[in-house]
Amino acid sequence: MGLETKVPSGILLTSVEKFVGWSRAGSLWPATFGLACCAIEMMSTGAAHYDLSRFGMEVFRGSPRQADLMIVAGRVSQKMAPVIRNLYDQMADPKWVIAMGVCASTGGMFNNYAIVQGVDHVIPVDMYVPGCPPRPEMLMDGILKLHEKIKAGQLVERPRKHESMQDFRRRTGWIDPVDEPSADQRTHLPQVPA
Amino acid sequence: MHGGEQAADIAGRELDVALPPHLRALATRLTAAFEMLQVSGFRHELTVLAPADRIVELLTFCRDEPDLRCELLADLSGVHWPGGKRTESAQETTGWPSYEFGDEAGRIEVDYVLYSLTHGHRFRLRVELPDDDPVMPTATGVYGAANFMEREVYDFFGVQFEGHPNLVRILMPDDWDGFPLRKDYPLGGVDVQYKGATIPPPDQRHY
Amino acid sequence: MSQTRTPATSGAGWQDADEPADGRRLTPAIPSEHTVVGGDWQELPDAVEDDLMVINMGPQHPSTHGVLRMLLTLDGETVLDNQAVIGYLHTGIEKNTEYRPWVQGVTFVTRMDYLSPLFNELGYCMAVEKLLDIADQVPERAQAIRVIVTELVRVASHLVWLATSGLELGSTTAMIFGFREREGILDVLEHVTGLRMNHAYIRPGGLAMDLPDDFSERVGTLLTAMKTRIDEFEVLLTENPIWVERNSGVGVLSAEQCLDLGVTGPILRSAGIAHDLRKAHPYCGIEQYEFAIPTADTADAYGRFQVRVAEMRESLKIVRQAVDGLPTGPVMVADRKIAWPAQLGLGPDGIGNTEEYVGKIMGQSMEALIHHFKLVTEGFTVPEGQVYIAVESPRGELGYHVTSSGTNKPYRVKVRDPSFIHIGVLQAVTHGLSVSDVIAAVASLDPVMGGVDR
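Here it is, written out as structure tokens:
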């Protein structure tokens, strides 16, 4: 996950996390992923009247490999779903997804054979912005809340309040060397307790 | 229902009422050239029912004949009338009406709307096909616009157009099963979930 | 697999130079025979033998106007074959309308061609009115307002076209200008309908609600501003050498090819045929307004640009005349069995039933309450039959082929969307162009994928 993979283990970073969160949120580049009507409102949000440039986001990257944020703007059809997954996988970590509009959030008014009922069936979503289509101000509100979420992000997993070390280890996939499985049982995936 | 069954007894009387004079003249012209056509009028629109095997000839006639000169194929669409009795949303609680209708045999109508820029007239050619085996010749040799439109009718109703250069699905994914706009194909969709309750999609509701 | 087809062959062909037929030029300046190749998945070229490259453009691409996928077979940079793959935005709207009452079809249908939503609504409502046989009972004020809002939407749609085409060809300024102008129009539409897009304002029988009181002042301000803004656009683009170079001679589609392939709208007008449904089969009382049909001779992308800019000016003229001559009266048919019962107005929490109306149905008139209930839950029933109605949307002939089986829900709503037909001409339009010209050509066709895929 981006910088997270580079942090040596066993070290807590607080100011660095704040700095990283601030810089990530400061210039979050969206990928052009407008599908339907919400795309037009997204373009309006990026245009002069409701300016996304003041958040450093006016550069809509054509290539998902250069983008941080995928704003799924519009209804996701069954034919488009594998394409979205492909594009999401092409994005480099760290990446976030905004499901813009009700069609991307839940399928919207189109509860039928052709529309995936919410893009979260296909990719993980960080922020849902309702509306049909959401006004540019609503989209910006969603983006700003996402900024808050990004700024509050953590680089290193730390134990939550009132969480025991054992639970913490289990949650983060720590494998105790004593309990390491034998060679024939070992897989490359971390052991997730049942 | 409409079209085929009614056209036979509509004949001259209702045509006079329903159609403006230039369409009536058009209808006369068409039936003079092709005797097997059945014409009908509704809301000032002319509908001509044609057999599937003569449709290409008829379309070429409409396109090339100077009096008709239909340069534009405006629309090519399908309607599915399934066979047997069918109730349309029998609603018990609110007393919504329940409609019963149905033919003995199901049919798929393919409608061609032809428009002439020179004469300014527009009329409809209709072909009725059995819905278990809808096959008919393609119109792509007459109008290039029919290419995509016939693919769409195939995609949604399963009508096979013989001679079409590329009869594959156009709007649905290539490997989709079934023909969505047929009446026996469900709307699809999921139950809408609320806290503690669900509402089924519209084609399965009973209210 | 190639097919040589001569549209409208000998005898009744469109080459009759001595039959101009209402002054419309039917003789194209370009040879009438064209060969349409391709169209088969099985026939992708052999990489080694043919030395051709198959490149996939889309469905996610900054320049393809939405989720359009084009499989280009290239010889170097020249396009030999262009297979368009569509369906990435297929929403099943036509099937959805079969399960909802007639009035609710408006909200579905408005989301198809999302750049010109009111045209979708207009076509649908006109088809329903024709089936109901109340087309002549729709009040004049409703017709005039329909004309006003649809022409404003036409301008907005052409502005988006200009903005996105400009952006695709490299002019970010055009994008900013276009969307800025559009905000002005959307402000007016929001004032009238409550929404910036997908308004659901035009209902069968009339409109959802009447205009607000200060409408004419707002529209007056808008019209004055728009005039200078369109001039700015012209200054930016019309004689811009880059724009001219990139658009001239690109995407040529002769008049005959257009008619054979079912192309209407600005593309047909750019080929010289002055065919506009607003003049040929006027609707909504548009014949009382004076406007011209701009055409171009070049049948290329630049011609289409000229046609669209001129159309924007004509639309503003129509709006001016309509606002000046706006008749008074109701905005919904008088027939209580069809008219949407609720009197909508702007309240503290948005648009909804007005206080007086709620008081009337809850307190005063039982009959009105029953009426309201029945119409809102069940809706009205429409007699059996099938009609075809076409309106002139910004992209071309938007047709509605609506079938009713006599119930309160539509039986089949087939929408003849112009963009769907125009995607079918991609092969003819882009054959022999370079890849960058493909972008200009597709942009000039102005496809909106919501309409293509429905």
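Protein chains in written order, with the working numbering: chain A, -7 to 186; chain B, -11 to 195; chain C, 2 to 455.
Even for Gly, the Cβ is constructed at its ideal location relative to N, Cα and C.
Computed from a predicted model, the values in this text were never measured in an experiment.
Next on the checklist: Can you check whether the C-beta of residue 24 (chain B) is within less than 9 Å of a C-beta belonging to chain C?
Outcome noted: Put simply, the CB of residue 24 (chain B) is far from chain C, with every gap to its CB atoms at 9 Å or more.
Next on the checklist: Does residue 132 (chain B) pass the burial test, meaning 16 or more other C-beta atoms within 10 Å, or should it be called exposed?
Outcome noted: Flag for residue 132 (chain B) reads buried.
Item to check | Distance, residue 292 (chain C) Cα to residue 321 (chain C) Cα | outcome: C-alpha separation (whole angstroms): 11 Å.
Checklist entry - Of all the options C:454, C:69, C:438, which has the alpha carbon lying nearest to the alpha carbon of residue 78 (chain C)? => result Considering only alpha carbons, the answer is C:438.
Checklist entry - Relative to the C-alpha of residue 421 (chain C), which residue among B:41, B:25, B:138 is closest? => result With respect to the C-alpha of residue 421 (chain C), the residue from B:41, B:25, B:138 having the closest C-alpha is B:138.
Item to check | Backbone CA spacing between residue 60 (chain A) and residue 52 (chain A) [nearest angstrom] | outcome: Distance between the alpha carbons of residue 60 (chain A) and residue 52 (chain A) is about 10 Å.
Checklist entry - What are the start and end residues of each continuous alpha helix (DSSP H) run of 4 or more residues lying completely inside the segment 131 to 185 of chain B, in chain order? => result Taken in chain order, the unbroken stretches of alpha helix (DSSP H) that lie wholly in the segment 131 to 185 of chain B and span 4 residues or more are 134 to 145.
Item to check | Contact list for residue 120 (chain A) against chain B, beta-carbon separation under 7 Å | outcome: Those do not exist, as residue 120 (chain A) stays about 15 Å from chain B at its closest Cβ, beyond 7 Å.
Checklist entry - Is any beta-carbon of chain B found at less than 9 Å from that of residue 34 (chain C)? => result Residue placement at residue 34 (chain C) is flagged as unreliable, the pLDDT there being 46, under the threshold of 50; the coordinate-derived value follows with that caveat. No, no contact with chain B.
Item to check | Cβ shell of residue 448 (chain C) (< 8 Å), same chain only, five flanking positions each side left out | outcome: Taking C-beta separations shorter than 8 Å and ignoring five residues to either side along the sequence, the partners of residue 448 (chain C) in its chain run 66, 67, 69, 396, 420, 423, 424, following chain order.
Checklist entry - Taking the continuous alpha helix (DSSP H) assigned at residue 363 (chain C), which residues delimit it? => result No alpha helix (DSSP H) contains residue 363 (chain C), which DSSP labels as neither H nor E.
Checklist entry - At what residues does the alpha helix (DSSP H) containing residue 14 (chain A) begin and finish? => result Residues 7 to 18.
Next on the checklist: Among C:392, C:411, C:388, whose alpha-carbon lies nearest the alpha-carbon of residue 402 (chain C)?
Outcome noted: The candidate whose alpha carbon is nearest that of residue 402 (chain C) is C:388.
Item to check | 3 or more residues per run - each beta strand (DSSP E) lying fully within the segment 288 to 334 of chain C | outcome: You should have found no qualifying run.
Checklist entry - Which stretch, first to last residue, makes up the beta strand (DSSP E) that contains residue 34 (chain B)? => result Looking at the DSSP string, the run of the beta strand (DSSP E) that includes residue 34 (chain B) is 33 to 38.
Item to check | Buried or exposed by the 16-neighbour rule on C-beta atoms within 10 Å, applied to residue 52 (chain C) | outcome: With fewer than 16 other beta carbons inside 10 angstroms of its own, residue 52 (chain C) counts as exposed.
Item to check | Per-residue contacts from residue 63 (chain C) into chain A (C-beta, under 7 Å) | outcome: Contact of residue 63 (chain C) with chain A by beta-carbon distance below 7 Å involves 24, 54.
Checklist entry - Does residue 177 (chain B) get closer than 9 Å to chain A when you measure Cβ to Cβ? => result Residue 177 (chain B) belongs to the set of residues whose beta carbon lies under 9 Å from a beta carbon in chain A.
Next on the checklist: For residue 415 (chain C), list the residues DSSP reports as bridge partners.
Outcome noted: Its beta-bridge partners are C:402.
Item to check | Rounded straight-line distance, which links the Cα of residue 183 (chain C) to that of residue 138 (chain A) | outcome: Near 28 Å, if we compare the C-alpha coordinates of residue 183 (chain C) and residue 138 (chain A).
Next on the checklist: Can you find the residues in the same chain that come closer than 6 Å, C-beta to C-beta, to residue -1 (chain B), ignoring five residues on each side of it along the sequence?
Outcome noted: Note on residue -1 (chain B): pLDDT 38, under 50, position unreliable in the model; the coordinate value appears next. Here the set comprises nothing.
Checklist entry - If you scan the segment 157 to 224 of chain C from start to end, which runs of the alpha helix (DSSP H) of 4 or more residues do you find wholly inside it? => result List check, alpha helix (DSSP H) in window: 173 to 194.
Next on the checklist: What does the Cβ neighbour count give for residue 143 (chain B), buried or exposed, with the cut at 16 atoms within 10 Å?
Outcome noted: In summary, residue 143 (chain B) is buried, with 16 or more beta-carbon neighbours lying within 10 Å of its beta-carbon over all protein chains present.
Checklist entry - If you pair each beta-carbon of the segment 233 to 249 of chain C with each one of the segment 46 to 57 of chain B, do three or more pairs fall below 8 Å? => result At 8 Å Cβ cutoff, the stretches do not touch.
Checklist entry - To which residues of the same chain is residue 180 (chain B) closer than 6 Å at the C-beta, ignoring the five residues directly before and after it? => result If we look at residue 180 (chain B) and ignore the five residues flanking it on each side, its Cβ neighbours are 187.
Checklist entry - Can you find a C-beta in chain C that's less than 9 Å from the C-beta of residue 47 (chain A)? => result It does not: the Cβ of residue 47 (chain A) has no partner Cβ on chain C nearer than 9 Å.
Checklist entry - Since residue 240 (chain C) is in the alpha helix (DSSP H), which residue starts that stretch and which ends it? => result For residue 240 (chain C), no alpha helix (DSSP H) run applies, since DSSP gives it neither H nor E.
Checklist entry - What number of angstroms, rounded off, separates the C-alpha of residue 309 (chain C) from the C-alpha of residue 329 (chain C)? => result Counting only the Cα atoms, residue 329 (chain C) lies some 32 Å from residue 309 (chain C).
Item to check | Cross-chain neighbours of residue 161 (chain B) in chain A, by beta carbon under 7 Å | outcome: Within chain A, the residues near residue 161 (chain B) are 70, 71.
Checklist entry - Can we say the segment 205 to 225 of chain C touches the segment 186 to 196 of chain C, given the rule of at least three CB pairs closer than 8 Å? => result The segment 186 to 196 of chain C and the segment 205 to 225 of chain C touch, with three or more beta-carbon pairs separated by less than 8 Å.
Checklist entry - Can you name the residues that DSSP bridges to residue 61 (chain B)? => result In the DSSP output, where bridge partners are listed per residue, residue 61 (chain B) has B:102.
Item to check | Three-state secondary structure assigned by DSSP to residue 465 (chain C) | outcome: Examination of residue 465 (chain C) is not possible in this model, given that chain C is present from 2 through 455 alone.
Checklist entry - Is there a Cβ from chain C that is less than 9 Å from the Cβ of residue 35 (chain A)? => result Residue 35 (chain A) belongs to the set of residues whose beta carbon lies under 9 Å from a beta carbon in chain C.
Checklist entry - For residue 103 (chain B), which residues of its own chain have a beta-carbon under 7 Å away from its beta-carbon, when the five flanking residues on both sides are left out? => result Correct list, in chain order: 58, 60, 62, 110.
Next on the checklist: So, with DSSP's three-state summary, where would you put residue 117 (chain B)?
Outcome noted: Assignment of residue 117 (chain B) by DSSP, reduced to helix, strand and coil, places it in the strand class.
Checklist entry - To the nearest angstrom, how far is it from the Cα of residue 214 (chain C) to the Cα of residue 195 (chain C)? => result If you take the alpha carbons of residue 214 (chain C) and residue 195 (chain C), they lie about 14 Å apart.
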